[in-house]
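No gaps in the numbering here: position 75 of the sequence shown is 75 in the working numbering, and each next residue is one more.
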Amino acid sequence: MPPTDHLLAFALAAFLIILAPGPSVLFVISRALAYGRRAALITVVGGAVGSFVLAAAVALGLGAIVQTSAIAYAVLKYAGAAYLIFLGVRAFRQRKKLREIWETQPSGGTSGRTWWQGFVVAVTNPKTVVFFGAILPQFVDPKVGHASLQMIVFGAIFAVIALLSDSVYGVTAGVARAWFTRSDRRLELVGGAAGVTMIGLGVGVALSGRKD
């Protein structure tokens, strides 16, 4: 178990990093606008679990592989980008059916599928793997031993903070969406915007490099 001062220092660093809106926040917001608050929160849970899985993978050695292998990095990057674009295109195509989806399936689909989408987007983000690989070891105390276990603990802390922070964004966007649901035209516009946002995120991920 990492020392208390290391835990607190990492929690503060993680909070400051997570607090700044990034691709994961934009993805959650776009999901909230397209399918509602419940879909956003389920997506957040899936993403948090995905972040923890990545942290555990980094602790067990995957981080070193992704950091040193251009092929591994590219596979993760393009898989994640393609999935984001796929979700964005589907959201855009469904923009005229959002009223029907809202009334029959408030979450925009089954809870399991929505959770899985958030999970996949999280675990296919190579930048997160590289980030964990760079920052987690900095807080490990060699005197305590079990470096991998310490990094897994830090990963769990990061996932919990991300869960809470992203949930706030999702709930806020979900509340704003309630105004759009009063008009089919407004609902269609915001659904289309959410789809375009997801597509843009996917394209951005695909075009980004290791220096970003």
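By construction, the Cβ of each residue, glycine as well, lies at the ideal position given by its N, Cα and C atoms.
> Whose C-alpha, out of N125, L60, G112 and A14, is nearest the C-alpha of V75?
Replying inline: Walking along the sequence shown from the start, residue 75 turns up at place 75. Of the candidates N125, L60, G112 and A14, the one whose C-alpha sits nearest the C-alpha of V75 is N125.
> Using a Cβ-Cβ cut-off of 8 Å (strictly less than) and excluding sequence neighbours within five positions of S107, which residues of its own chain qualify?
Replying inline: Residue 107 sits at position 107 when you count from the first residue of the sequence shown. Bear in mind that the predicted position of S107 carries a pLDDT of just 48, short of 50, making it unreliable; the figure below should be weighed with that in mind. Counting only Cβ-Cβ distances below 8 Å, and skipping sequence neighbours, we find Y35, G36, R38, A39, I42 and T114.
>> For Q117 and A14, what's the separation of their Cα atoms in angstroms?
In response: Here the question's residue 117 lines up with position 117 in the sequence shown. Here the question's residue 14 lines up with position 14 in the sequence shown. Between Q117 and A14, the C-alpha separation is close to 23 Å.
> Would DSSP call Q117 helix, strand or coil?
Replying inline: Here the question's residue 117 lines up with position 117 in the sequence shown. Reduced to three states, the DSSP call for Q117 is helix.
> Nearest-angstrom Cα distance between A79 and V130?
Replying inline: If you number the sequence shown from 1, residue 79 lands on position 79. If you number the sequence shown from 1, residue 130 lands on position 130. The straight-line gap from Cα to Cα measures roughly 16 Å.
> For V122, is the classification buried or exposed, using 16 other Cβ atoms within 10 angstroms of its Cβ as the cut-off for buried?
Replying inline: Numbered from 1 along the sequence shown, position 122 holds the residue referred to as residue 122. Note on identity: in this sequence residue 122 is Ala, with Val being the wrong assignment. Flag for A122 reads buried.
> Do L136 and A55 have their C-beta atoms within less than 8 Å of each other?
Replying inline: Indexing the sequence shown from 1 puts residue 136 at position 136. Indexing the sequence shown from 1 puts residue 55 at position 55. Cβ distance < 8 Å, so L136 and A55 count as in contact.
> Would the segment 82–89 and the segment 156–165 be scored as touching if the rule is three or more Cβ pairs under 8 Å?
Replying inline: no
> Can you tell me whether T197 is buried or exposed, with buried defined as 16 or more other CB within 10 angstroms of its CB?
Replying inline: Position 197 of the sequence shown, counted from the start, is the residue given in the question as residue 197. Counting of Cβ neighbours within 10 angstroms places T197 among the buried residues, the total reaching 16 or more.
>> At the level of alpha carbons, what is the spacing between K127 and V89?
In response: In the sequence shown, the residue the question calls residue 127 occupies position 127. In the sequence shown, the residue the question calls residue 89 occupies position 89. Going by the C-alpha atoms only, they are around 23 Å apart.
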